[in-house]
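Offset between the sequence shown (1-based) and my numbering: plus 131.
Here a beta-carbon is modelled for each residue, glycine too, at the ideal position from N, C-alpha and C.
Every value quoted in this text rests on a predicted model; they were computed, and no experiment measured them.
Just below is one structure, and these are the notes that go with it.
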Amino acid sequence: MRKVTVAAEPAPIAIDLARTAFVIIDMQRDFLEPGGFGETLGNDVSLLQAAVIPCRRVLSAARAIGIMVVHTREGHKPDLSDAPPAKLERGNPSLRIGAPGPMGRILVRGEPGHDIIRALYPVDGEVVIDKPGKGAFYATGLDEMLRGGGIDTLLVAGVTTEVCVNTTVREANDRGYRCLVLADCCASYFPAFHDAGLAMIKAQGGIFGWVAGSDALLAALDS
Ligand code: TIU
Numbered sequence: 132m133r134k135v136t137v138a139a140e141p142a143p144i145a146i147d148l149a150r151t152a153f154v155i156i157d158m159q160r161d162f163l164e165p166g167g168f169g170e171t172l173g174n175d176v177s178l179l180q181a182a183v184i185p186c187r188r189v190l191s192a193a194r195a196i197g198i199m200v201v202h203t204r205e206g207h208k209p210d211l212s213d214a215p216p217a218k219l220e221r222g223n224p225s226l227r228i229g230a231p232g233p234m235g236r237i238l239v240r241g242e243p244g245h246d247i248i249r250a251l252y253p254v255d256g257e258v259v260i261d262k263p264g265k266g267a268f269y270a271t272g273l274d275e276m277l278r279g280g281g282i283d284t285l286l287v288a289g290v291t292t293e294v295c296v297n298t299t300v301r302e303a304n305d306r307g308y309r310c311l312v313l314a315d316c317c318a319s320y321f322p323a324f325h326d327a328g329l330a331m332i333k334a335q336g337g338i339f340g341w342v343a344g345s346d347a348l349l350a351a352l353d354s
């Protein structure tokens, strides 16, 4: 596979497509649709829709080129044994993790709300990582799987920018991966946190990674 250079901030980044994975974080019904975990926390879930079409475009391109695709899902075992009490007790949601909601038990694996949204549904051959935390590396086999595949660069998308995307990028950066975060493929319930979350990644010479719009990536892939 080819090497391409993407116009990113704080600087262009050259990526080897054979060593790159497209990582889509938590594009689940529980975060994007009414009645799920995101809404129980008091959020306007419609704000996350902005990321769906850009994600879909990059996913189509990744599939066409053969770039490794990784989907993650935040959620817990039905007995909640992997959910720390501090997470279960946090805040004042209308429904707690594990409680029955309109899309099944909130943030529990195997329930309809835990599933990935239709527009970005995984196809055969794509990796799906179930994670109990905000970061995709904590208590998962993601690092070993990526290393085993020779991956050194992550194209990162998903929700929410300042929570699971930022946590995953920080984890990945400490493990030696280069992260290019696709700004319009990420979204937050708080637009100001989306902006700040991206700004923190690319500040200080790219302290955690690079940021670009999906158009810049797709232009590089087309070149
Ligand atoms: N996936 C993810 O970001 N989990 C969250 O709980 N995010 C919130 O913004 N609440």
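Looking at the DSSP output, F268 sits in no beta bridge, so it has no partner there.
Scanning its chain for C-beta atoms nearer than 6 Å, with the 5 sequence neighbours on each side dropped, one finds around G232 the residues G166 and L226, in chain order. Approximately 6 Å separates the beta-carbon atoms of I155 and L251; this is inside 8 Å, confirming the contact. Counting along the chain, no beta strand (DSSP E) covers E302; the unbroken alpha helix (DSSP H) around it starts and ends at N297 to D305.
Non-local C-beta neighbours of V200 in its own chain, meaning closer than 6 Å and more than five positions away in sequence, comprise F153, A193 and E257, ordered along the chain. At the C-beta level, A145 and T151 stay beyond 7 Å of one another. Checking the DSSP bridge columns, you'll see A145 partnered with T136.
Counting only beta-carbon distances shorter than 5 Å to the non-hydrogen atoms of ligand 1, the qualifying residues in chain order are D157, E205, T291, V294 and C295.
Contact annotation: A139 and W341 have beta-carbon atoms nearer than 7 Å. Collapsing the DSSP output to three states places V254 in coil.
Distance from the CA of I260 to the CA of D210, rounded to the nearest whole angstrom, comes to 19 Å.
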